[in-house]
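Enquirer: My questions will all concern the structure given below.
Protein chains in written order, with my numbering: chain A, 1 to 261; chain B, 1001 to 1160.
Shown next as structure tokens:
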């Protein structure tokens, strides 16, 4: 069940984990904007390296590397398709700048994935729900979000049980032609849907027995407050943003192949 | 419309189902064509109505943000799911089997256009290629797998 380790949030007491999710989201957005601004490889390398201290402080290296490994397949597709199209457009010749461009596009993708995974690795679903709630998102929506996130591992266990049970009854998932393989999923999906609906009705009863929605105005035990670290992160992201835009407008960015040759 | 506990809990169930479907029932892949088995849940919005519309969009948000390929996917996927399921529900609520079938075809078209569109932006591939890849996968998941599933569950719910 290693796939769900990402969803089973691991609580780590680190300076990054206690930051306000809204600020972390702003940081991710600014990284995103700057990464989109530059098609050159050098600034993208800088952006990539910029995330590493963040990851180290948060002590999520293991999970982070795993998420990067998950992205390698897509990164390889991006690299391949870029190379192929450049190759065809350039009249079946490949020069070094083309290679560098393809590499830069791949790196841009990796930077986006990495920034995003840092956000999700260091933000607990509860914290995220709290941040949503305090950004004036309707409470019903936040509740549905956090509950659904908690529901996922439970339902995944159930899916595994159902799969084992059907396999024990002779279902062979990886057998048959195209259509047969598709249809093999029906004996798994139907019990899964039925049990999820049944569980949801139990959940509804539990919620009603605790008077869910009886009080219009809710209060929270924890309130998100901006601390020194949050202001520091705002400063960092704003300066990344300003520096990125300034360099884009006023500076010439050398390509790596020019520097090396 | 009043949002009751049952309303919310059904949407929670669908969100979790979709996310589990995406992450656990890993896509069956046949070369270029990837079939997202979880998309077979989309036609179910025609049975379960608005709670499942919210749930399937939320589920897409959750699954896309954990197996993320960037902001566009996290924002675009839920929007695609929301529009597709909402329109299908709207069409199917005043008709019989034909309406439901048209609804499921519309879902395929909407998902193909939106997801194929942003995937070509993310991967820098030509639009036609990514549209084609998503179209095949969606037809299999939504029309071939999802629609019979929807009819089956509708019949069973009636008899239950």
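Even glycine gets a Cβ: it sits at the ideal position worked out from N, Cα and C.
Based on the DSSP output, what are the partners of residue 1134(B) in its beta bridges?
Expert: Beta-bridge pairing links residue 1134(B) to no other residue.
Enquirer: Could you name the residues of chain B that residue 212(A) contacts, counting a contact when the two beta carbons are closer than 7 Å?
Expert: Ordered by position in chain B, the residues that pass the 7 Å Cβ test against residue 212(A) are 1005.
Enquirer: Helix, strand or coil: how does DSSP classify residue 1047(B) here?
Expert: Helix at residue 1047(B).
Enquirer: Smallest Cα separation from residue 1140(B): which of 1036(B), 1125(B) and 1101(B)?
Expert: Here the closest residue by C-alpha is 1036(B).
Enquirer: With a threshold of 9 Å between beta-carbons, can residue 1125(B) be considered close to chain A, or not?
Expert: Taking Cβ atoms only, chain A reaches closer than 9 Å to residue 1125(B), which makes this a yes.
Enquirer: For a minimum of 4 consecutive residues, which ranges assigned as the alpha helix (DSSP H) are wholly contained in the segment 115 to 190 of chain A?
Expert: Whole alpha helix (DSSP H) segments, 4+ residues: 125 to 134, 139 to 168 and 178 to 183.
Enquirer: Listed in chain order, which residues of the segment 1085 to 1116 of chain B have Cβ atoms closer than 8 Å to some Cβ of chain A?
Expert: Those residues of the segment 1085 to 1116 of chain B that come within reach of chain A (Cβ to Cβ, closer than 8 Å) do not exist; the list is empty.
Enquirer: Can you tell me whether DSSP reads residue 13(A) as helix, strand or coil?
Expert: In the structure shown, residue 13(A) sits in coil (DSSP, three-state: anything other than H, G, I, E or B).
Enquirer: Output yes or no for whether 9 Å exceeds the beta carbon distance between residue 1092(B) and residue 1055(B).
Expert: Not in contact: residue 1092(B) and residue 1055(B) (Cβ atoms no closer than 9 Å).
Enquirer: Name the chain A residues that come within less than 8 Å of residue 1138(B), Cβ to Cβ?
Expert: Simply none; closest approach about 13 Å.
Enquirer: Using a beta-carbon distance below 9 Å, is residue 1046(B) in contact with chain A?
Expert: Chain A contact via Cβ: absent.
Enquirer: On the CB-based measure, 16 or more other CB atoms within 10 Å of its CB, does residue 93(A) come out buried or exposed?
Expert: Classification of residue 93(A): exposed, given that the 10 Å Cβ count is below 16.
Enquirer: What does a CB cutoff of less than 6 Å around residue 1100(B) pick up in its chain, not counting 5 residues either side in sequence?
Expert: Correct list, in chain order: 1046 and 1092.
Enquirer: Alpha carbon to alpha carbon, how far is residue 1157(B) from residue 1151(B)?
Expert: Residue 1157(B) and residue 1151(B): Cα-Cα distance of roughly 10 Å.
Enquirer: Quick one: measure Cβ to Cβ for residue 1125(B) and residue 81(A), integer angstroms, because I've assumed they're closer than 8 Å.
Expert: At roughly 5 Å, the Cβ-Cβ gap stays under 8 Å, so residue 1125(B) and residue 81(A) are in contact.
Enquirer: What three-state label does DSSP hand residue 1035(B) in the structure shown?
Expert: If DSSP states are grouped into helix, strand and coil, residue 1035(B) belongs with the strands.
Enquirer: Rank 192(A), 29(A), 232(A) and 220(A) by C-alpha distance to the C-alpha of residue 244(A) and give the top, closest one.
Expert: Cα-wise, what sits closest to residue 244(A) is 29(A).
Enquirer: Exposed or buried, which one is residue 259(A) when buried takes at least 16 other CB atoms within 10 Å?
Expert: Flag for residue 259(A) reads exposed.
Enquirer: Which chain A residues sit within Cβ distance under 7 Å of residue 1144(B)?
Expert: Correct list: 182.
Enquirer: Under a Cβ-count criterion, where at least 16 other Cβ atoms within 10 Å of its own Cβ denotes burial, should residue 177(A) be classed as buried or exposed?
Expert: Exposed, because fewer than 16 other Cβ atoms sit within 10 Å of the Cβ of residue 177(A).
Enquirer: Establish whether the CB of residue 190(A) and some CB of chain B are separated by less than 9 Å.
Expert: Answer yes: the Cβ-Cβ gap between residue 190(A) and chain B drops below 9 Å somewhere.
Enquirer: Go ahead and label residue 1064(B) buried or exposed: buried means 16 or more other beta carbons lie within 10 angstroms of its beta carbon, across all protein chains shown.
Expert: Buried: at least 16 other Cβ atoms inside 10 Å.
Enquirer: When the Cα atoms are used, what is the spatial distance from residue 264(A) to residue 218(A)?
Expert: Examination of residue 264(A) is not possible in this model, given that chain A is present from 1 through 261 alone.
Enquirer: Using a Cβ-Cβ cut-off of 9 Å, state whether residue 1014(B) counts as contacting chain A.
Expert: It does; some Cβ of chain A falls within 9 Å.
Enquirer: Would you identify the three-state DSSP class for residue 1012(B), choosing helix, strand or coil?
Expert: Note: residue 1012(B) maps to helix in three-state DSSP.
Enquirer: So is residue 1147(B) in contact with chain A if we call contact Cβ pairs under 9 Å?
Expert: For residue 1147(B), the answer is no, since every Cβ of chain A falls outside 9 Å of its Cβ.
Enquirer: When you compare only the Cα positions, how much space is there between residue 1052(B) and residue 197(A)?
Expert: So the alpha carbons of these two residues sit roughly 11 Å apart.
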